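Protein chains in written order, with the working numbering: chain Y, 29 to 354; chain Z, 29 to 354; chain V, 186 to 566; chain A, 186 to 566.
We put the CB at the ideal spot given by N, CA and C, even for glycine.
Small disclaimer: the values here were computed from a predicted structure and weren't measured.
Written below as structure tokens is the structure these notes are about.
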Amino acid sequence: MTETLTLGKALNVGLRRSLEADDKVLIMGEDVGKLGGVFRITDGLQKDFGEDRVIDTPLAESGIIGTAVGLAIRGYRPVCEIQFDGFVYPAYDQIVSQVAKMTYRSRGKVKMPIVIRIPFGGGIGAVEHHSESPEAYFAHTAGLKVVSCSNPNDAYWMIQQAVASDDPIVFLEPKRRYWEKGEVDTDATAPSFPLHSARVVRPGTDCTVVAYGPMVRTALDAATAVDGERSLEVIDLRSLSPLDLGPVYESVRRTGRLIVVHEAPSNLGMGAEVAARVTEHCFYSLEAPVLRVTGFNTPYPAARVEEEYLPDLDRVLDGVDRTFGW
Amino acid sequence: MTETLTLGKALNVGLRRSLEADDKVLIMGEDVGKLGGVFRITDGLQKDFGEDRVIDTPLAESGIIGTAVGLAIRGYRPVCEIQFDGFVYPAYDQIVSQVAKMTYRSRGKVKMPIVIRIPFGGGIGAVEHHSESPEAYFAHTAGLKVVSCSNPNDAYWMIQQAVASDDPIVFLEPKRRYWEKGEVDTDATAPSFPLHSARVVRPGTDCTVVAYGPMVRTALDAATAVDGERSLEVIDLRSLSPLDLGPVYESVRRTGRLIVVHEAPSNLGMGAEVAARVTEHCFYSLEAPVLRVTGFNTPYPAARVEEEYLPDLDRVLDGVDRTFGW
Amino acid sequence: MAKGDTAPARTRTTRRAKPAPAPEFVQLLTPEGERVDHPSYTVDFTDEDYRGLYRDLVTVRRLDAEATALQRQGELGIWASLLGQEAAQVGSGRALQPQDMVFPTYREHGVLYCRGIDPIMPLSLFRGVDQGAWDPNEFKFNMYTIVIGAQTLHATGYAMGVAKDGKVGGPDGEAVVAYFGDGATSQGDVNEAFVWSSVFNAPIVFFCQNNQYAISEPLERQTRVPLFQRAAGFGFPGIRVDGNDVLAVYAVTRDALDNARQGQGPTLIEAYTYRMGAHTTSDDPTRYRIASEVEAWQAKDPVKRVRAFLEKQKLADDAFFDEVDEAARVQAVHLRERVLDMPNPDPRTLFDHVYSEGSPLLDEEREQFSAYLASFEGSAH
Amino acid sequence: MAKGDTAPARTRTTRRAKPAPAPEFVQLLTPEGERVDHPSYTVDFTDEDYRGLYRDLVTVRRLDAEATALQRQGELGIWASLLGQEAAQVGSGRALQPQDMVFPTYREHGVLYCRGIDPIMPLSLFRGVDQGAWDPNEFKFNMYTIVIGAQTLHATGYAMGVAKDGKVGGPDGEAVVAYFGDGATSQGDVNEAFVWSSVFNAPIVFFCQNNQYAISEPLERQTRVPLFQRAAGFGFPGIRVDGNDVLAVYAVTRDALDNARQGQGPTLIEAYTYRMGAHTTSDDPTRYRIASEVEAWQAKDPVKRVRAFLEKQKLADDAFFDEVDEAARVQAVHLRERVLDMPNPDPRTLFDHVYSEGSPLLDEEREQFSAYLASFEGSAH
Ligand SMILES: Cc1ncc(C[n+]2csc(CCOP(=O)(O)OP(=O)(O)O)c2C)c(N)n1
Ligand SMILES: Cc1ncc(C[n+]2csc(CCOP(=O)(O)OP(=O)(O)O)c2C)c(N)n1
Ligand SMILES: [Mg+2]
Ligand SMILES: [Mg+2]
């Protein structure tokens, strides 16, 4: 049996399951308690699990992650909320030099079961620092794993898988999709897919479109828009590190064309890595170079031009046209 | 007339020229004053220019960059030293959210003539955090420019060009090459090359090898090693952001093969971007996919295995073999 | 002493004294509008000055209300209201000398107004037309900073620059003020700013508006002692002032700025106040605080007490109060009209000003994007 | 008050008092070896305990010298000597209960020794064989942390976990100690750790070894007031102790740990000491400090004063001192032998333990690299 939930609510219920499943799971961050988070993702959790497990922290991101490291050494499993993408950087040192390296430094003797939840991406008309896509900064960092969900069912399962993982996971939530609804299989006792797996979310034959997080919906809309004319295969990466490119290679060997879509700037972004690896693995199958449809290489702009900055259906289709024009 | 200088000394003399040329230039960082920096790059500068211009700062990297922003608003041109690559992360927020964005935020009304000098890379037998290659974290950030010098003459000129630039520049110094000597044209009144330009440092015909910073020497050594057998064209990127790929496209169109070499992990690194763009621009010229010879996707390891971690002559030649084996 | 030996006995000390009760803040005007004395601080305002302060308080409140209304009507993306904090902002803003430099957060509309800056200036940011683009040096008022605490280091660096320029040590010296909230005191950057400004004896005033909340989190989530006490441990004075008392805020800030400009280094001012409204228009404060708390603070309203003072002292009559209200209303209407008139930016400009000296990558993207946009011309896009 | 009006007159206050002279630190044993009293702290050691402390001091100094020698001979990549700081480390290390947890920097070899840990443990890090890999929970001693200040937040989080586990509030409670240097006090992280530990009343002792330098930078580059005073502004006690007096350090640390375990929250201890050697073996201190300063501190040597005390009190004779030296020498020789025996890691292991749960990318790289290495087999590589 399934329930219809928004993506935000699915995360909320998933976190609740994680708190129920293991006493050691903690939730910590700014405004996550009484307020339930500025996006209400932790709504009701402090009320039900107490202030000892759902912790309103001081306003200091390095403190959030740094204390989470200590709590993890003590045996806890902290789930840290960073309020917005643009506010993760004060914690960057703790993330890349401590969270990411503690297991390696200790030759496996210390585990870092820390989840860093970050609502990310644009499209909500916000002011500066509230619409960024920092995934490359984390995916480039050995020792971190990075995932992003694109729909309520994945949100529900992936957050629980992330909390259950003994490795540190940066969990990127597509904030502009928080209110989108979908069926969630809350009855199942186990997820249908491993956390670090990509999935074909719409089969097609002419061109592969790879996306993740908020852009999966955009890619699907593009596929629908050209249905009949052109058959696009859409793949949701889901895991940005480690990448699961098997399904992408398989797809590109069939379609011969690949578009990678993301909101982050192209320069040294996820699209570059996907392009480099797909080109290496599918060199003789490609009819055109891998093309990227991404945010521009500028800081995230003011809200009234963000719709122009962000890849949308038209920009994706323009990419498709370009690959066929090669 | 030229002088023979080490790369480190060339930087020192270049900084001296910059301090002489403009009163507003400041040097700031940990131990840069009396000690002259742990690598002695600022040796003697405090003595000659005073404590007001060469400033030993409190031990706080966010403070170094954050106050540099304020000094820049006041009209100064701070040159900040980060003691080692692995200690730049506490300043990451100030770098990506303030230094990189201030000009954009102000629609050009505020300039950020800040240079962030970072001795980077491995190969010196150091402990953790002293051997990292963080360039991707900066090159992915719109609003920053990133350069790296590979030889004394470039070091001398590029540091002066960086200080003279009105844009913020992350200046990556190949620390293991600090002691390598070369001719420096200290008599010339102007540099021969723009700061943001790549250069063919060894012409060749069979395969292009792109490198920057410490790996340029390695690439040149590889070219020498196979001289007679295979002719490698070596290109020094010099500017990592913005990239100047014109010379690379031109080269690859001739050679049909490209190896990108860097110490940083491959995943979402400079090599990925170069591969993606070269593939797009030289799609029909490539005889093999662009291959990357890089550090592995692990944290930088203990000193006694770093030589295995780092690309060396053999690893570069292995890459060359692989591209010819395609 | 070998490992495993019994630990030697040791003294239990009682050095841990009870924390002293929080000292009173500096107050010169009670909530009832009584003028009270303080041993160290006073003001010597003319009648006209008092009326001017009242006008400022009313005006910044009225303009703020207009911005809130504009947001409700969809004309602004978000608004961070200063409601309740007018005295903290007008008092400190009016204490500034023309040569002083301000580093605000995102809420200092009242300070901005007192600098003589057109209140329209920050509205482009909240409308989403730009990101709050102005020249800090032209207005002696830095751009709004959204990343909590970051501006305190900028202010410190700027103040170090002031000292380098030899602009401290006399009555014409330049002082710098950094605004931030109670929540910000937990950030590393703010504490680093304390370290730096102390070590370099920078001419700076740290002005903390303790409005009791950081979004939903009450002060106890940031500290267990009064915030102004933080300063002493960094080597400079801290002082708490009634943040709803415009006279006291003025006096204390004036003094601290003067100390800074004279070369006596930093001061931390904690303006004890209350955020009467929501954190921003996106916030719902009923989820985390009770009505009675808000009511208790209503009795300490910063505007009402000045009006009560003016009335008691017979410094103003109804005609004056009406005129002030009307003038503020007119300004608000004018503000509204100009907000509605703000043009949307041309999307092609989003590639501009990433760098002062440009970049070929951006030029390429601008060109491609222009061609892309042109490809829709004539179509229904 | 319209803009441009003359600023109203205001009071110049004289509230800026001269800073109080730095209070004396806690001392129980003078540099001359006199046992002195302190109103709040004392120790009640047996003769055997005193001799044990002396043995520890001599041993950690001897082992440290051996490591320095090993580095000079190229057997270690670098070494961070504790020379001069033996009392600070032995005094605090011996004050720990077995259940207490330590978060060291890279210099706490003496504390490690006092925890009963084999001093070989951190040498793999300095030799470059690994990165200091041990199980913090097994030894109740976290791995060395090189990024300045980062460990203070880890310690705070760990201490929060102790409280969550209900392990505070009685004599069996667990306390946590975070070590850091004078330079570290400028880092945001350390100040955030102060905020957090205070707000959550964490059972933690912040133990700052003020050895007067952060590499080349003297204390004045980090603060203009004594460091222990930092604590009060965060809401917990700070105290300065003679860091070269092992008795005083023991007493003060024991007390602070006990307060923590009893649920009274954090304490900051500033152990006032001196780094007699170089920052690390890569450093040349003659570039930034004068010989006379070092000599002045030599007179306050932490080991000599305990020997003087033992001699004066007739608690030990020459035979004892000789035996201690000889035992330390033997330990040092043993240490040296084991360092020379440390095997280099197999390069293939560099792909291990990046993740607890592995990663296909690393598996692929390990495999490719093994094949690559194999391709050289039989060749001269
Ligand atoms: C580094 C950072 N983290 C989180 C936020 C999100 N945020 C915006 S305002 C705010 C609360 C600020 O509280 P305070 O400093 O008391 O200022 P106030 O808004 O009350 O004036 C938070 C958490 C931010 N802007 N920056
Ligand atoms: C974040 C960071 N910045 C810079 C360094 C380089 N560094 C290593 S030790 C040191 C000085 C530390 O001084 P202090 O805290 O007083 O400790 P001490 O070495 O004197 O024991 C510096 C700057 C570092 N390890 N980490
Ligand atoms: Mg507040
Ligand atoms: Mg020190």
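Extent of the continuous beta strand (DSSP E) to which residue i belongs
i              : result
V524 (chain A) : No beta strand (DSSP E) holds V524 (chain A); the alpha helix (DSSP H) holding it covers 503–526.
L200 (chain Z) : 197–202
L319 (chain Y) : 319–323
D76 (chain Z)  : Where D76 (chain Z) is concerned, there is no enclosing beta strand (DSSP E), although the alpha helix (DSSP H) it sits in stretches over 73–77.
In DSSP terms, what residue i is bridged to
i              : result
Q394 (chain V) : V:G366, V:A456
T34 (chain Z)  : Z:K209
A239 (chain Z) : Z:D264
E109 (chain Z) : Z:G57, Z:R145
Near ligand 6: residue i beta-carbon under 8 Å from a heavy atom
i              : result
Y457 (chain V) : For the structure depicted, ligand 6 is absent and the ligand set comprises only ligand 1, ligand 2, ligand 3 and ligand 4.
Closer than 9 Å to chain V by CB, residue i
i              : result
T15 (chain Y)  : Outside the shown range of chain Y, which is 29 to 354, sits residue 15 (chain Y), and nothing can be said about it.
Q126 (chain Z) : yes
I110 (chain Z) : no
Beta carbon proximity, residue i to chain Y, threshold 9 Å
i              : result
N181 (chain Z) : no
L296 (chain Z) : yes
Pick from the options that is closest to residue i, judged by C-alpha positions
i              : options                        : result
E219 (chain V) : V:G278, V:A273, V:L432         : V:L432
A360 (chain V) : V:Q270, V:R446, V:T215         : V:R446
F230 (chain V) : V:N327, V:G418, V:L495, V:P451 : V:L495
V347 (chain A) : A:G450, A:V410, A:I475         : A:G450
G585 (chain V) : V:R533, V:D537, V:G313, V:V437 : An answer regarding residue 585 (chain V) cannot be provided, because it is not within the stretch 186 to 566 covered by chain V.
T438 (chain A) : A:P403, A:C393, A:A476, A:N386 : A:C393
H538 (chain A) : Y:I187, Y:K129, Y:Q188         : Y:K129
K309 (chain Z) : Z:R281, Z:T326, Z:F352         : Here residue 309 (chain Z) is His; the residue named in the question, Lys, does not match the sequence. For H309 (chain Z), the nearest C-alpha among the options comes from Z:R281.
Residue i at chain A interface by Cβ criterion, 9 Å
i              : result
G61 (chain Y)  : no
G153 (chain Z) : yes
G64 (chain Z)  : yes
G94 (chain Y)  : yes
D285 (chain V) : no
M130 (chain Y) : yes
M140 (chain Y) : yes
P219 (chain Y) : no
Below-9 Å beta-carbon distance, residue i vs any chain Z residue
i              : result
Q587 (chain V) : Residue 587 (chain V) cannot be examined here, being either before or after the span of chain V that is shown, 186 to 566.
T236 (chain Y) : no
D409 (chain Y) : Nothing about residue 409 (chain Y) can be reported from this structure: the residues present for chain Y run from 29 to 354 only.
A207 (chain A) : In this predicted model, A207 (chain A) has a pLDDT of only 43, less than 50, meaning its place in the structure is not dependable; the value taken from the coordinates is given anyway. So, not an interface residue.
L297 (chain V) : no
S371 (chain V) : no
N386 (chain V) : no
E308 (chain Y) : yes
E251 (chain V) : no
Element boundaries [alpha helix (DSSP H), containing residue i]
i              : result
C299 (chain V) : 294–299
E95 (chain Z)  : The identity of residue 95 (chain Z) in the sequence shown is Thr, whereas the question assumes Glu. Residues 89–101.
H339 (chain A) : 335–349
V221 (chain V) : Where V221 (chain V) is concerned, there is no enclosing alpha helix (DSSP H), given that its DSSP letter is neither H nor E.
Mind listing, in chain order, the continuous beta strand (DSSP E) runs of no fewer than 3 residues lying wholly within the stretch 400–479 of chain V? 423–427, 452–457
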